[in-house]
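Engineer:
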Amino acid sequence: MDFSLGDIVQMKKSHPCGSNEWKVLRTGMDFRMQCQGCNHQVMLPRKKFEKSVKKIIQKGSIEEQSNLYDEL
Numbered sequence: 522m523d524f525s526l527g528d529i530v531q532m533k534k535s536h537p538c539g540s541n542e543w544k545v546l547r548t549g550m551d552f553r554m555q556c557q558g559c560n561h562q563v564m565l566p567r568k569k570f571e572k573s574v575k576k577i578i579q580k581g582s583i584e585e586q587s588n589l590y591d592e593l
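Below, the structure is given as structure tokens:
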């Protein structure tokens, strides 16, 4: 799968808050994600992230990607 900034992904296991949807905030060797239920952010190594993703729910838009770059 090809991941980009702003994608909403569904993980195999749910977060303790009950949500299993995460927004991708950073890509590379490590992925930073934000829980869509409680806004908690975590970083995962690429290998663990790719293994844990079930599917991409929504692709991030170009406008959203540029906004994420501006925030960093």
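Residue numbers (this note's numbering): 522 to 593. Glycine residues also receive a C-beta, built at the ideal position from the N, C-alpha and C atoms. Predicted model only: the values in this text are computed from it and were never measured.
#1: With DSSP as the reference, label K568 as helix, strand or coil.
#2: I need the boundaries of the beta strand (DSSP E) containing C556, first residue and last residue.
#3: Please confirm whether M532 and V545 have their CB atoms less than 8 angstroms apart.
#4: Is the beta carbon of Q562 closer than 8 angstroms to that of D528?
Structural biologist: Working from what's here:
#1: To locate residue 568, count along the sequence shown from 1; it is residue 47. Three-state result, K568: helix.
#2: On the sequence shown, position 35 is the one that residue 556 refers to. Run containing C556: 551 to 556, per the beta strand (DSSP E) assignment.
#3: On the sequence shown, residue 532 is found 11 positions in, with the first residue counted as 1. On the sequence shown, residue 545 is found 24 positions in, with the first residue counted as 1. No, the Cβ-Cβ distance between M532 and V545 is not below 8 angstroms.
#4: Residue 528 sits at position 7 when you count from the first residue of the sequence shown. Residue 562 sits at position 41 when you count from the first residue of the sequence shown. Not in contact: D528 and Q562 (Cβ atoms no closer than 8 angstroms).
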